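Undergrad: Throughout the sequence shown, residue numbering follows our numbering, covering 29 to 255 in sequence.
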Amino acid sequence: MKLILLREQAEWNKKAQETKLQKSNLIGIALLVICTLLLLLTVLLRISKVRTLRLQHAVFESKIATISLAKYKSEDRYAQVQQTIKSYRKFIEERNAAIDHLKEEVSKLESATTSIHVAQREKLQDLLSEHLMSEDNWSRFKRVFFAEYREFYDHVIQHLVGITESQLRIVLLQKIGVSNHEMANLLGVGQESIRKAKHRLRKKYGLAYDDCFQIHTNLAAEQYSTQ
Numbered sequence: 029m030k031l032i033l034l035r036e037q038a039e040w041n042k043k044a045q046e047t048k049l050q051k052s053n054l055i056g057i058a059l060l061v062i063c064t065l066l067l068l069l070t071v072l073l074r075i076s077k078v079r080t081l082r083l084q085h086a087v088f089e090s091k092i093a094t095i096s097l098a099k100y101k102s103e104d105r106y107a108q109v110q111q112t113i114k115s116y117r118k119f120i121e122e123r124n125a126a127i128d129h130l131k132e133e134v135s136k137l138e139s140a141t142t143s144i145h146v147a148q149r150e151k152l153q154d155l156l157s158e159h160l161m162s163e164d165n166w167s168r169f170k171r172v173f174f175a176e177y178r179e180f181y182d183h184v185i186q187h188l189v190g191i192t193e194s195q196l197r198i199v200l201l202q203k204i205g206v207s208n209h210e211m212a213n214l215l216g217v218g219q220e221s222i223r224k225a226k227h228r229l230r231k232k233y234g235l236a237y238d239d240c241f242q243i244h245t246n247l248a249a250e251q252y253s254t255q
């Protein structure tokens, strides 16, 4: 009986070991399957991320191309028409709309820290700077302004003695009805800077500053309002 019991116990131990071995094998297979699935999922996520980044980059480049094309078209359209204050005012409106759009796009990437987004923000800022009033645009605008508002221009130079070139820009743009917001966009400064500049002009020249805008050189002047 003792031998039988020992034999049965040995059989049970053998079966128990086999069961443990089978269980271990199953666990090993399960872990291998899980690891394989996780690796596959990681690869798929990586591929998806790369595709998403490529798509976002393509969309971004398309947006940049659209804005640049609109800029060149606007400049070409202005160069083709008769250069008048009215046509330049239209040009300013188009340029301001583009600047507002670019600022909105830059603000979306303001808190971005990834190298891709930082590079995109810098590219947008470079494009934004190209939309500001350049020295060539300013010289061209002055020539057109002088042709249509010579009396006003001469009055400003004579009565606002010592006016700087930057202050003259504000006075001339104000004369044709350009708002503080539009001026700030064109000159690449904040609206508060424009308000302070006008305040300094009033403080420096007194009534002579406001009196300038009461002069009308021709009927066309009545189309534009002053601030």
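C-beta: ideal position from N, C-alpha, C; glycine also.
Here the structure is a predicted model, which is why all the values come from computation and not from measurement.
1) L196 and L156: beta carbons closer than 8 angstroms?
2) Whole angstroms are fine: how far does the CA of L66 sit from the CA of L60?
3) Counting along the chain, where does the alpha helix (DSSP H) carrying S157 start and finish?
4) May I ask which residues mark the beginning and end of the alpha helix (DSSP H) holding T112?
5) Give the DSSP-derived three-state secondary structure of V189 in the structure shown.
6) Would a C-beta distance cut-off of 8 angstroms place I113 and E176 closer than the cut-off?
7) Have a look at Y116 and E220 and give me their C-alpha separation to the nearest angstrom.
8) Looking only at C-alpha atoms, which of E121, H85 and C240 sits nearest to I185?
9) Looking at the unbroken alpha helix (DSSP H) that takes in L215, where does it start and where does it end?
10) What whole-angstrom Cβ distance do R228 and N208 have, given they're in contact under 8 angstroms?
11) Give the secondary structure of E138 by DSSP, where H, G and I count as helix, E and B as strand, and everything else as coil.
12) Within 10 angstroms of its Cβ, does E138 collect 16 or more other Cβ (buried), or is it exposed?
13) Run the CB neighbour count on Y237, radius 10 Å, all protein chains shown included, and call it buried at 16 or more, exposed below.
14) Which term fits A93, buried or exposed, when burial requires 16 or more other beta carbons within 10 angstroms of its beta carbon?
15) On the criterion of 16 or more Cβ atoms from any shown chain inside 10 Å, does F174 qualify as buried, or is it exposed?
16) Can you give the Cα-Cα distance for D104 and E193, rounded to whole angstroms?
17) Tell me whether V109 is buried or exposed, calling it buried when 16 or more other Cβ atoms sit within 10 Å of its Cβ.
18) With E122 and S102 assumed to form a contact (beta carbons below 8 angstroms), what rounded beta-carbon distance in angstroms separates them?
19) Since Q111 contacts V172 with CB under 8 angstroms, what's their CB separation in whole angstroms?
20) Please state whether DSSP places I204 in a helix, a strand or coil.
TA: Working from what's here:
1) no
2) 10 angstroms
3) S143 to E158
4) From DSSP, T112 is part of no alpha helix (DSSP H); its letter is neither H nor E.
5) coil
6) yes
7) Computed Cα separation, rounded: 24 angstroms.
8) C240
9) N208 to L215
10) Contact doesn't hold; Cβ gap of about 14 angstroms is too wide.
11) Coil at E138, not helix or strand.
12) E138 comes out exposed.
13) buried
14) By the neighbour-count criterion, in which a residue is buried when 16 or more other Cβ atoms sit within 10 angstroms of its Cβ, A93 is exposed.
15) Around the beta carbon of F174, a 10 Å sphere encloses fewer than 16 other beta carbons of the protein chains shown; the residue is thus reported as exposed.
16) 27 angstroms
17) Under the 10 Å beta carbon count, V109 is surrounded by fewer than 16 other beta carbons and is classified as exposed.
18) A Cβ-Cβ separation of about 5 angstroms places E122 in contact with S102 under the 8 angstroms criterion.
19) 5 angstroms
20) coil
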